[in-house]
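A short write-up of the structure that comes next.
There are 2 protein chains.
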Amino acid sequence: MEKPFRYEVTHTCAQSGARLGKLYTPHGVIETPIYMPVGTQAAVKAMTSRDMEDIGTQILLANTYHLHLRPGEALVKKAGGLHKFMCWNKPILTDSGGFQVFSLAKLRKIEEEGVRFQSHIDGSRLSLTPESVMQIEQDLGADIAMAFDVCSPYPCDYDTAKAAMERTHRWAERCKAAHTREDQALFGIVQGAFYKDLRRESAKALSDMDFIGYGIGGLSVGEPKEIMYEMLEEIEPIMPKEKPRYLMGVGTPDCLVEGVLRGVDMFDCVLATRVARNGTCFTRKGRLVVKNAKYAEDFSPLDDDCDCYCCRNFSRAYLRHLFKAGEITAGVLASIHNLRFLIKLMEDIRSAIAEDRFLDFRKAFYAEYDMSNNFGNGN
Amino acid sequence: MEKPFRYEVTHTCAQSGARLGKLYTPHGVIETPIYMPVGTQAAVKAMTSRDMEDIGTQILLANTYHLHLRPGEALVKKAGGLHKFMCWNKPILTDSGGFQVFSLAKLRKIEEEGVRFQSHIDGSRLSLTPESVMQIEQDLGADIAMAFDVCSPYPCDYDTAKAAMERTHRWAERCKAAHTREDQALFGIVQGAFYKDLRRESAKALSDMDFIGYGIGGLSVGEPKEIMYEMLEEIEPIMPKEKPRYLMGVGTPDCLVEGVLRGVDMFDCVLATRVARNGTCFTRKGRLVVKNAKYAEDFSPLDDDCDCYCCRNFSRAYLRHLFKAGEITAGVLASIHNLRFLIKLMEDIRSAIAEDRFLDFRKAFYAEYDMSNNFGNGN
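Those protein sequences? They're chains U and H, same order as listed. Our numbering numbers the first residue of the first sequence as 1 and each following residue consecutively. Our numbering numbers the first residue of the second sequence as 1001 and each following residue consecutively.
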């Protein structure tokens, strides 16, 4: 019988070394490199499943931490799993909640057994362990589950970073031991903060554990982009060539281009939808804040090159009016645009790799893109 | 040359006397009786134009008062009119703002010349007259423009109601004199509060002015539904048979059924979308508050009979989760359902009229619909 999961590198760009791949899952094949929209609470904010299909989404994220708290994995399981619950028949990936509990700061305590924390919803005292997270993710039933890991802040002293990494490795072993669903792929997560030797050590240790794929965690937490890129370059030669690599929480247009150049296959980020609801839009030329007065009588689309429903039909002037008037539709349309922008960018990147011209593509990208009007790393 | 507007009664139900009709406009033919979704600020709240097409919308409303204040009719005109601005190529009707300025209560003063009021947005002092409203509506460029009228509250003493009605008639004449666009139909508005003789007098006076169609205004402002129905019965014999009749601001399921029985051809109401965003949904059995705990594990759709995108794909349990989690998508899905519910109800009503069985339909409607779990008139 064929394995439910398989990843193959289908082409390596002769010009850049960037790679094209296919990740086979029980809910379909994912063409990589790819940007994955985020539906934290089992819905991409302001979007419906058909909106997501319309923009060419191949896989959605959902979050274990949020869904455990509300509505609870028992309900999702009873509904027949996440795919049925949220009406999404393509692949789904669940983050493990490691980053979310880390973000709770003073509301959480990380120990060897797991993390004790207070719910951000009602303050109730809860805990997550590698074993309980595996149970939750298996109940949710996504195609890909992430291991439960320990993040480090930026900056972070060496000993703290090392301890977090080592615990992440022990937790990865525990996750592997606890994970039994064969129709769900478990991905390990590389940590090591901003120390090259730790990143190398983590990449090696995780590789030896032979996961189906690998997250690269703990980046885009406030460090300069150059440092993130250095970490990616450090681990690239160590990461197994035949496994997918997922750079977690990274999703600005330039970071996608740079990540792909450094061998990354998968990205996710809430930035696209978060800034969209505030009227900030991606364009080939950089950030566009559509609420600005200069767009009041601008009847052109957000981005001339974009093929999304919003750009095909609505003007900057109309969008600006909707935002000024507080209409929910404003956030809907801007979210459609921002998500489609990133998905289309990755489609264009895949074409460039297939045609061995990704360095040319990258050069053309920066010739248009105003880096002085850009986003942060955007976690 | 054929006139840009034409209304014909295509069938009268042998069982009930209710009528089917066709209203021809420059942007297409409207089959009546019809419920018209409301896009107050040039967008139906939480909806996109394609959502509206998908649910079978034949005509949209927009509001002169709101659009005058923001973004201003000059911008809409510059964009090429409301159809282009909001990307809606089917008919549009603009309300005149008469009801909106009336609703400003202490912030407005109604005089013979017009209404002076303070903007609900920034408190600036503005005025509207029959002539300025005609100019605004012509700049907006909807297919149907409503005359500027004077509403009365409920309850209202006879002399006040009479004075408001008489002023409405004088303003209707001024609107007619000021209105020149031949590709836009001007509808007069019948007033007269809750006095049968005034309603009859108003219906007669407006009929004599020979408008293309007629609004029935000042109802659903807090009075018992029976009183509203009495007013409709009173004016029905007086209203010209060959003109469309539009009961303004009325849109609960039972009121649609009762309005059609009393000769109404067009309805609008913001209730469907307003309550949807709060998780209150229309069903054949009455109101359903999907946030209620009893739906936590209910994997059935909002309404078994409904063919909308939401009911075809999502469960009450999922919708409840989205509402509890504060997801915008919750309001989007519930709005799709509530709007489609009313549009489908009117489609079913039209079929029943066509087949001379509208009284049977009405009986079956009430057999299912729990009137003790209903909405108010819902303006």
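Quick reminder that beta carbons are idealized off the backbone N, C-alpha and C, glycines included. In this text, all values refer to a predicted model and were calculated from it rather than measured experimentally.
- R170 of chain U and Y154 of chain U have their C-alpha atoms spaced approximately 22 Å apart.
- Taken atom to atom, the span from the alpha-carbon of N1373 of chain H to that of S1152 of chain H is near 29 Å.
- With the criterion set as a beta carbon lying under 7 Å from some beta carbon of chain H, the members of the stretch 65-99 of chain U are R70, P71, L75, K78, A79, F85, M86 and C87, in sequence order.
- The Cβ of V1289 of chain H sits no closer than 8 Å to any Cβ of chain U.
- A distance below 8 Å between beta-carbons, with the five flanking residues on each side excluded, links V1150 of chain H to the following residues of its chain, in chain order: G1098, F1102, I1110, A1164, M1165, R1167, T1168, W1171 and Q1191.
- Rounded to the nearest angstrom, the Cβ distance from L61 of chain U to D95 of chain U is 6 Å, consistent with a contact under 8 Å.
- Between D1268 of chain H and G1251 of chain H, the C-beta gap is smaller than 8 Å, which places the two residues in contact.
- DSSP links V29 of chain U through a beta bridge to U:Y24.
- The alpha-carbon separation between F1005 of chain H and Y1065 of chain H amounts to approximately 25 Å.
- Taken residue by residue, none of the stretch 152-172 of chain U has a beta-carbon sitting less than 7 Å from a beta-carbon on chain H.
- Here I216 of chain U is bridged, per DSSP, to U:V190 and U:L247.
- Inside the stretch 53-140 of chain U, DSSP marks whole beta strand (DSSP E) runs of 3 or more residues at positions 60-63, 92-95, 108-110, 115-118 and 125-128, from first to last along the chain.
- Residue-level contact check: N1373 of chain H does not touch chain U, since none of the beta carbons of chain U fall below 8 Å from its beta carbon.
- With respect to chain H, the C-beta atom of H27 of chain U has no partner C-beta closer than 8 Å.
- With its beta carbon at least 8 Å from every one in chain U, A1334 of chain H lies outside the interface.
- In this structure, L69 of chain U lies away from A142 of chain U, with their beta-carbon atoms at least 8 Å apart.
- By the beta-carbon neighbour count (other beta carbons within 10 angstroms, threshold 16), G1213 of chain H is buried.
- Under DSSP, Y1007 of chain H shares a beta bridge with H:L1023.
- Looking at the backbone, the Cα of V9 of chain U and that of T25 of chain U are separated by about 15 Å.
- The alpha-carbon of C175 of chain U is positioned some 25 Å away from that of M231 of chain U.
- Between L1261 of chain H and A1018 of chain H, the C-beta spacing is below 8 Å.
- Within the DSSP bridge table, the entry for A145 of chain U names U:T94 and U:L186 as partners.
- By the Cβ neighbour-count rule, K1204 of chain H is exposed, with fewer than 16 other Cβ atoms within 10 Å of its own.
- Closest in alpha carbon position to L219 of chain U, among U:G259, U:D51 and U:T273, is U:G259.
- A check of alpha carbon separations from F1323 of chain H across U:Q41, U:D159 and U:G123 identifies U:Q41 as the nearest.
- Interface criterion not met: the Cβ of H1337 of chain H is under 8 Å from no Cβ in chain U.
- Taking every protein chain shown into account, the CB of S132 of chain U has 16 or more other CB atoms within 10 angstroms, so this residue is buried.
- Chain U places a beta carbon closer than 8 Å to that of A1046 of chain H, counting this residue as a contact.
- Counting only runs of at least 4 residues, the stretch 303-350 of chain U fully encloses the following alpha helix (DSSP H) elements, listed from N- to C-terminal order: 309-313 and 316-324.
- Judged by beta-carbon spacing, E31 of chain U lies beyond the 8 Å limit of R245 of chain U, meaning their Cβ atoms are not closer than that value.
- Partner residues in the beta bridge of C281 of chain U, as assigned by DSSP, are U:L288.
- Looking at U:I328, U:F341, U:F299 and U:H337, the one whose alpha-carbon comes closest to that of S1335 of chain H is U:I328.
- Using a Cβ-Cβ cut-off of 9 Å, T1280 of chain H is close to nothing in chain U; its nearest Cβ partner there is about 17 Å away.
- Secondary structure at V1038 of chain H: strand, using DSSP grouped into helix, strand and coil.
- Within the stretch 1294-1319 of chain H, the residues whose Cβ lies closer than 8 Å to any Cβ of chain U are, in chain order, A1296, E1297, F1299, Y1309, N1313, F1314, S1315, A1317 and Y1318.
- At a cut-off of 8 Å, the C-beta of R1050 of chain H has a neighbouring C-beta in chain U.
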